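Beneath this line is the structure, given in structure tokens, with notes to follow.
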Amino acid sequence: MTQGGTGAAAEVLISVAQLELRVRELAAEIVDDHRDGNRIPVLVSVLKGSTFFLADLVRALDIDLEVDFMSISSYAATAQQSGVVRIIKDLEGDIAGRDVIVVEDIVDTGLTLTYLRKALTERAPRSLKALGLLDKRARRIVPVPIEYVGFEIPDVFVVGYGMDFMGRYRNIPEILAVRDLPRLANAPDLLVDTVFGAPFPARAGE
Ligand code: IMP
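First residue of the sequence shown: 4, per the working numbering; consecutive thereafter.
See the structure below:
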């Protein structure tokens, strides 16, 4: 069922090598924009998905910085349309007067980032920028600025490099596109043999 070829339940969309390269490029862009040593930016990571990316990114940033975390809930499916987003865990630090970069794993409908931008802007930061590792632009419901984009991706469900399906598969090192989401929903173990068992055929040649 998950042995690669046409029957594979998922395929590599973005490889580890591509991620490493893009993280370095994004870091270089951010460093260029935040060279002023008097101002220490705060990277706000949205739990849990973006923490994997954040960990790689901050180690590629050779500037002084701080990180802080937020957790929010956004209701899936039907409620998603109403844009109900709620803060579950707030930042520890005060961002007033600070240069803030919101780090998101994926911007999909744009509802979460829109909410975050508004909520954080109300706290009067000096500047506020967003970084989305993945931009699923075709699914956007609300247009929202993203100052730094890692990869624009098509309308596919992805897992790995922090992104999950029902809390699982975050620790897959690359980003996989799930071919048949309803099939995975019916059988959440579907990817286990493929990615954690024998060598993943789609990784060959990396
Ligand atoms: P938005 O509010 O629709 O832009 O949703 C953003 C959030 O939805 C992301 O931070 C992810 O947690 C989640 N999400 C959207 N698409 C995917 C996906 O393809 N895989 C895993 N999580 C996703």
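The C-beta atom is built at its ideal place from N, Cα and C for all residues, glycine as well.
What you are looking at is a predicted structure, and each value in this text was computed from that prediction instead of being measured.
Looking only at 197, 73, 114, 191, the smallest Cα-Cα distance to residue 45 is reached by 73. Approximately 15 Å separates the beta-carbon atoms of residue 47 and residue 88; this is outside 8 Å, ruling out the contact. DSSP places residue 151 in the strand class (E or B) of the three-state scheme. The beta strand (DSSP E) runs lying completely inside the region 62 to 119 and spanning 3 residues or more are 69 to 77, 88 to 92, 102 to 110, given in chain order. Contact annotation: residue 134 and residue 108 have beta-carbon atoms that are not nearer than 8 Å. Considering only 124, 180, 71, 171, the residue with the shortest C-alpha distance to residue 156 is 180. Per DSSP, the continuous alpha helix (DSSP H) segment holding residue 30 begins and ends at 19 to 36. Membership of residue 180 in any alpha helix (DSSP H) is not indicated; the residue belongs instead to the beta strand (DSSP E) covering 178 to 181. Shown here, residue 58 sits in a helix according to DSSP, grouped into three states. C-alpha of residue 153 to C-alpha of residue 22: approximately 9 Å in a straight line. For residue 49, the enclosing beta strand (DSSP E) has its first and last residue at 45 to 50. The three-state secondary structure of residue 171, taken from DSSP, is strand. Here DSSP, grouped into helix, strand and coil, assigns residue 122 to helix.
In this structure, residue 172 and residue 33 do not form a Cβ contact; the two beta carbons are roughly 28 Å apart against a cut-off of 8 Å.
For the 8 Å CB-CB criterion, residue 168 and residue 187 form a contact. Residue state for residue 138 is assigned as strand, using DSSP reduced to three classes. Contact annotation: residue 113 and residue 75 have beta-carbon atoms that are not nearer than 8 Å. Between the C-alpha atoms of residue 194 and residue 55 there is a straight-line separation of about 20 Å. By the criterion of a C-beta distance shorter than 6 Å, residue 50 is surrounded in its chain by 72, 74, once the five residues flanking it on both sides are discounted. Looking at the backbone, the Cα of residue 90 and that of residue 159 are separated by about 27 Å.
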